[in-house]
Structure formats: structure tokens, C-alpha cells
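Worksheet: the structure to be examined is printed underneath.
In my numbering, the protein residues as written are 232 to 474.
Below is the structure:
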């Protein structure tokens, strides 16, 4: 689903049209709207969403997934996820995202999205039962949708399996949208009858507001430098300035 690109994307799509079951290019109301339009044309048992600048980790990803769930029962989970690589614009892998459900479930139901959506396979039946993505969310539509499902059943995690490479620099990984994203997380939780909580969440909101002031007066690059300085102090690799 292309949002009416004028940057040469259509030429690439047309050159690969024989490998694409369906495509269209026209303006949309955002990511959730594009996903919902795409769902009308899906015919497979399992559905996965890749956004702009995200790509499968290898050509064998779908075959590997098929092999891993050959004996999978839907009672074990209609949402299956694995890991993604976090990749800088220069192509360097900065780390991995994706952890076993018992480790992340408490944070997922109180603070924020913890499942890498680029690695998340949805059984087609969940859209029939729980509906489509909520287009009122510009960033956290995937989180809100998974909250609906996982409020009732557990997902299934595939360890030691990397599905996709996620480019750092997309809408959800820009410093200027961090506070907006946290507000959408809170909105998604409240919509599903859950209470946003956690000291880390409160700390993040304070930090995001401070970063907003820094961006306003000195620009986003300064905020990125400060964020990576904090990561280095904590013994982590820089991700915001390492492009």
C-alpha cells in the first residue's frame, strides 16, 4: 500500500509487479488507514506488516516461520512474534528488540508497546474477531490493536528468530515524537480499560517534555546528542547520532 509517492517508489513497484499479489498508490489518512485498506486484499492464514524502510532479515524468513509453526496450535496463540534488528541508516546493527512474553507483559499492560510489530504475525481470525486498526492513532495503532487481543489471550514468542531489520529514524523513533507516542500509549491503555502506570513511564514523560524544550530552542540534533550521552553513561551503545 503506497501513499501516493512521487519519489520513484511507483517505478520500483511496477518493476516488481509480477511478484506482488496486489498494490495500489493513493493518498491515505495514515498508517492505520493503509493497513486497514490492505487487509481487504489479504488471503493468507498469517498476516505481517512491514513499514517504510523495514525489510525481512533474509529471503528465507517466511519459509523459516512456516517451518517453526508447522505443528503450532492456535490455542498456543494467534499472535506470534520474534525479534527484529535495530539498524542505523548506515546499515549497522545497533541491537535487537523482542523478548519473551513473561518478561515484558507487565510493562506491555501498563506502560508501552513491547512487541516489535515488524516481527509480529497475526492469524487472520483476529481481525474478524477484534476488528481493524483504530485510525484515531497515528503511531500506536499496532499497540492498541494488540492490547485488544492480548487482554484475552497470550502471544507466542519464537526465540532465536530474527524476522526483520527495523531502520532507526522512522516516525516512531524520532526524538520529537517520543512524547506524542507516550501519550498514544496512555490513550490505548485507557481505551482498553487499563491504567497507565510505572515509575519509568513518569520519568520518560518528564524527560520527553525536557527534550521538547531543548528541540524548540536548539534543534533536534542537540536532543539526540544528549540522549546518546545518557546511553553511553549507562553503558549502552549510541543509537540516535550513530547514523
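Each residue gets a CB set at the ideal place from its N, CA and C atoms; glycine is no exception.
Based on the DSSP output, what are the partners of residue 396 in its beta bridges?
Counting from 1 along the chain shown, the entry for residue 396 is found at position 165. In the DSSP output, where bridge partners are listed per residue, residue 396 has 286 and 316.
Compare the Cα-Cα distances from residue 273 to each of 388, 355 and 367 and report the closest residue.
Taking the first residue of the chain shown as 1, we reach residue 273 at position 42. The candidate whose alpha carbon is nearest that of residue 273 is 355.
Taking the straight line between their C-alpha atoms, what separation do you get for residue 330 and residue 295?
Position 99 of the chain shown holds residue 330. Position 64 of the chain shown holds residue 295. Near 19 Å, if we compare the C-alpha coordinates of residue 295 and residue 330.
Using three-state DSSP, classify residue 370 as helix, strand or coil.
Within the chain shown, the letter at position 139 stands for residue 370. Coil.
Between the beta-carbon of residue 343 and the beta-carbon of residue 416, is there less than 9 Å?
Against the chain shown, residue 343 aligns to sequence position 112. Against the chain shown, residue 416 aligns to sequence position 185. Taking 9 Å as the Cβ cut-off, residue 343 and residue 416 qualify as a contacting pair.
Assuming residue 443 is part of the beta strand (DSSP E), what are its boundary residues?
The count along the chain shown starts at 1 and reaches residue 443 at position 212. No beta strand (DSSP E) holds residue 443; the alpha helix (DSSP H) holding it covers 430 to 449.
Would you check if the segment 307 to 315 and the segment 379 to 396 touch, i.e. whether three or more CB-CB distances between them fall below 8 Å?
yes
Is residue 398 closer than 9 Å to residue 284 when the C-beta atoms are compared?
Looking up residue 284 in the chain shown gives position 53. Looking up residue 398 in the chain shown gives position 167. Using a Cβ distance threshold of 9 Å, residue 284 and residue 398 count as a contacting pair.
Between which two residues does the beta strand (DSSP E) harbouring residue 306 extend?
Taking the first residue of the chain shown as position 1, residue 306 is located at position 75. From DSSP, residue 306 is part of no beta strand (DSSP E); its letter is neither H nor E.
Tell me which residue opens and which closes the alpha helix (DSSP H) that residue 352 is part of.
Along the chain shown, one-based indexing puts residue 352 at 121. Not the alpha helix (DSSP H): residue 352 falls in the beta strand (DSSP E), residues 352 to 354.
Measure the alpha-carbon distance for residue 363 versus residue 319 and round it to whole angstroms.
In the chain shown, the residue the question calls residue 363 occupies position 132. In the chain shown, the residue the question calls residue 319 occupies position 88. Rounded to the nearest angstrom, the two C-alpha atoms are 31 Å apart.
Expressed to the nearest angstrom, what Euclidean distance is found between the alpha-carbon atoms of residue 446 and residue 463?
The count along the chain shown starts at 1 and reaches residue 446 at position 215. The count along the chain shown starts at 1 and reaches residue 463 at position 232. Taking the straight line from one Cα to the other gives about 21 Å.
Say whether the segment 413 to 432 touches the segment 369 to 377, bearing in mind that this needs 3 or more beta-carbon pairs closer than 8 Å, one atom from each stretch.
Yes, the segment 413 to 432 is in contact with the segment 369 to 377.
Classify residue 259 as helix, strand or coil using the three-state DSSP reduction.
In the chain shown, the residue the question calls residue 259 occupies position 28. Residue 259: coil per DSSP, three-state reduction.
Helix, strand or coil, according to DSSP, for residue 298 in the structure here?
Here residue 298 corresponds to residue number 67 of the chain shown, with the count starting at 1. In the structure shown, residue 298 sits in a helix (DSSP, three-state: H, G or I).
Going by Cα to Cα distance, which pick from 292, 236, 247 and 242 is closest to residue 259?
As a working mapping, residue 259 is identified with position 28 in the chain shown. Cα-wise, what sits closest to residue 259 is 236.
Would you kindly work out how many angstroms separate the C-alpha atoms of residue 252 and residue 438, rounded to a whole number?
Residue mapping note: residue 252 aligns to position 21 of the chain shown, counting from 1. Residue mapping note: residue 438 aligns to position 207 of the chain shown, counting from 1. Between residue 252 and residue 438, the C-alpha separation is close to 45 Å.
Cβ atoms of residue 452 and residue 396: under 9 Å apart, would you say?
For the purposes of this step, residue 396 is taken as the residue at position 165 of the chain shown. For the purposes of this step, residue 452 is taken as the residue at position 221 of the chain shown. Cβ distance not < 9 Å, so residue 396 and residue 452 don't count as in contact.
Pick helix, strand or coil for residue 363, following the three-state DSSP scheme.
Along the chain shown, one-based indexing puts residue 363 at 132. The answer is coil: DSSP assigns residue 363 none of H, G, I, E or B.
Please report the distance separating the alpha-carbon of residue 267 from that of residue 257.
In the chain shown, residue 267 corresponds to position 36, counting from 1. In the chain shown, residue 257 corresponds to position 26, counting from 1. For residue 267 and residue 257, the distance between alpha carbons rounds to 14 Å.
For residue 288, count the other beta carbons within 10 Å of its own beta carbon; 16 or more makes it buried, fewer makes it exposed. Which is it?
Residue mapping note: residue 288 aligns to position 57 of the chain shown, counting from 1. Looking at its Cβ environment, which holds 16 or more other Cβ atoms inside 10 Å, residue 288 is buried.
Going by Cα to Cα distance, which pick from 361, 238 and 366 is closest to residue 378?
For the purposes of this step, residue 378 is taken as the residue at position 147 of the chain shown. With distances taken between Cα atoms, residue 378 lies closest to 361.
In or out: residue 348 buried (at least 16 other Cβ within 10 Å) or exposed?
Sequence index remark: in the chain shown, residue 348 carries index 117 (1-based). When all chains shown are included, residue 348 counts as buried.
Judging by CA-CA distance, which residue of 366, 461, 337 and 472 is the nearest neighbour of residue 430?
By one-based count along the chain shown, residue 430 stands at place 199. If we check each option's Cα against that of residue 430, 337 comes out closest.
Would you decide whether residue 441 is buried or exposed? Buried here means 16 or more other CB atoms lie within 10 Å of its CB.
As a position in the chain shown, residue 441 is number 210, starting the count at 1. Looking at its Cβ environment, which holds fewer than 16 other Cβ atoms inside 10 Å, residue 441 is exposed.
Please name the residue in 422, 350, 357 and 421 whose C-alpha comes closest to that of residue 293.
The residue you call residue 293 lines up with position 62 of the chain shown. Ranking 422, 350, 357 and 421 by Cα distance to residue 293 puts 350 first.
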